[in-house]
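Report on the following structure.
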Amino acid sequence: LSSLARPTTLISQITAAKRDADRNDSSAGRSSRWVLGLLDETRQTIQDRREKRAKKYREEAEYLSRELRYTQQTVAGELAGWQDMHEKMGRRAIREFARAMVVQERMRLDGMVRALRKVRTQRSNVKS
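First residue of the sequence shown? That's 228 in this note's numbering, and the numbers climb one at a time after it.
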């Protein structure tokens with residue numbers, strides 16, 4: 228059952244990674260209040276770090292998306308196998324039940340035939 232919870236976990240991780248990437252993108256695109264020309268190198272370093280983090284989060288989201296697709300395919304395959312197995316078990320159980328009912332009805336029929344024979348012999352004894 229833990230494999231069924233995996234897609235939900237992956238989806239929440241993908242959402243978080245995309246949100247973090249968007250957050251880094253939006254903060255990287257903002258114009259800073261620093262005076263142009265002053266501390267350009269520092270500003271560029273900070274900008275580069277934000278872009279790297281955004282790229283890292285996007286790559287993580289892509290990886291998790293691939294893992295989610297694989298997990299969904301795996302779960303679908305397992306579910307199909309499970310359904311097939313249960314279908315076979317159900318058919319076998321119905322077959323066994325039908326056989327048991329046939330045996331039971333034959334026994335009843337045999338009992339009725341014996342009772343009918345007995346009634347007929349008693350009737351013929353009474354007439355003679």
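Glycine included, C-beta positions come from ideal geometry on N, C-alpha and C.
**Prompt:** Quick one, which of R276, G308, R333 and D337 has its alpha-carbon nearest N251's?
**Reply:** It is R276 whose Cα lies nearest to the Cα of N251.
**Prompt:** Is it right to say Y284 is buried, meaning 16 or more other beta carbons lie within 10 angstroms of its own, or is it exposed?
**Reply:** Under this definition Y284 is a buried residue.
**Prompt:** Is K245 closer than 9 Å to A288 when the C-beta atoms are compared?
**Reply:** Going by C-beta atoms, A288 is nearer than 9 Å to K245.
**Message:** Going by DSSP, what residue range makes up the alpha helix (DSSP H) through L266?
**Reply:** Here L266 belongs to no alpha helix (DSSP H), and DSSP marks it neither H nor E.
**Prompt:** What's the gap between the Cα of R341 and the Cα of Q349?
**Reply:** Rounded to whole angstroms, R341 to Q349 spans 12 Å at the Cα level.
**Ordered list of beta strand (DSSP E) runs contained in the segment 294-334, each at least 3 residues** = Assignment of beta strand (DSSP E) within the segment 294-334, counting only whole runs of 3 or more residues, yields no such run.
**Residue environment, L306, which counts as buried when at least 16 other CB atoms sit within 10 Å** = The residue is exposed, with fewer than 16 neighbouring Cβ atoms inside 10 Å.
**Message:** I need the straight-line Cα distance from R329 to L336, nearest angstrom please.
**Reply:** It is worth fixing the name first, because residue 329 is Val in this sequence and not Arg. Looking at the two C-alpha atoms, the distance is approximately 10 Å.
**Prompt:** If you count every other CB in all the chains shown that lies within 10 Å of the CB of L237, and 16 or more means buried, which is it?
**Reply:** The residue is buried, with at least 16 neighbouring Cβ atoms inside 10 Å.
**Item:** Chain-order list of residues whose beta-carbon lies under 7 Å from that of S254 (same chain, five-residue window excluded)
**Value:** Result list for S254: R277, in chain order.
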